[in-house]
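Chemist: This note's numbering runs 9 ahead of the 1-based position in the sequence shown.
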Amino acid sequence: MKLEIITPEQIYFSGEVSLVTLPGAKGSFTVLDHHAPIISFLNKGKLVYETGGQTKELNISGGFMEMSHNNVTVAVETLD
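In structure tokens, the structure reads:
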């Protein structure tokens, strides 16, 4: 699936990933390939994604995410 992590200043990441774990408003959740469409607010916390066999972690300030047609878009105000 394709992941885009965007801030007001830049596209931080755009690429293929095998999973994304996000700090949802009601707790962390993981999105995999072909997940049902979803929109969620995100709390401050850790965003984790796997790409090219590597696990990457980012601290985010909160924001929102959308999953649709195997594309995940994560919009955050800041990355720590």
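All C-beta atoms, glycine included, are put in the ideal place defined by N, C-alpha and C.
(1) Less than 7 Å separating the beta-carbons of G72 and K53?
(2) Return helix, strand or coil for G33, following the three-state DSSP convention.
(3) Give every residue of the same chain whose Cβ lies closer than 7 Å to the Cβ of G61, excluding the five residues on either side of it in the sequence, and list them in chain order.
(4) Rounded to whole angstroms, what is the Cα-Cα separation between I69 and I48?
(5) Drop a sphere of 10 angstroms on the beta-carbon of P32, count the other beta-carbons inside from all chains shown, and report buried for 16 or more, exposed for fewer.
(6) Leaving aside the five residues before and after D42 along the sequence, list all residues of the same chain whose C-beta is less than 7 Å from its C-beta, in chain order.
(7) Go to A84, then tell me how far its beta strand (DSSP E) extends in each direction, as first and last residue.
Modeler: Walking through what the data contain:
(1) For this step, residue 72 is matched to residue 63 along the sequence shown. For this step, residue 53 is matched to residue 44 along the sequence shown. Contact flag unset, no.
(2) The residue given as residue 33 occupies position 24 in the sequence shown. Correct three-state label for G33: strand.
(3) For this step, residue 61 is matched to residue 52 along the sequence shown. Closer than 7 Å at Cβ, skipping near neighbours: no residue.
(4) Mapped onto the sequence shown, residue 69 falls at position 60. Mapped onto the sequence shown, residue 48 falls at position 39. Cα-Cα distance, rounded: 17 Å.
(5) For this step, residue 32 is matched to residue 23 along the sequence shown. When all chains shown are included, P32 counts as buried.
(6) Numbered from 1 along the sequence shown, position 33 holds the residue referred to as residue 42. Excluding residues within five positions, the ones whose Cβ falls inside 7 Å are M10, N79.
(7) The residue labelled residue 84 in the question sits at position 75 within the sequence shown. Looking at the DSSP string, the run of the beta strand (DSSP E) that includes A84 is 80 to 85.
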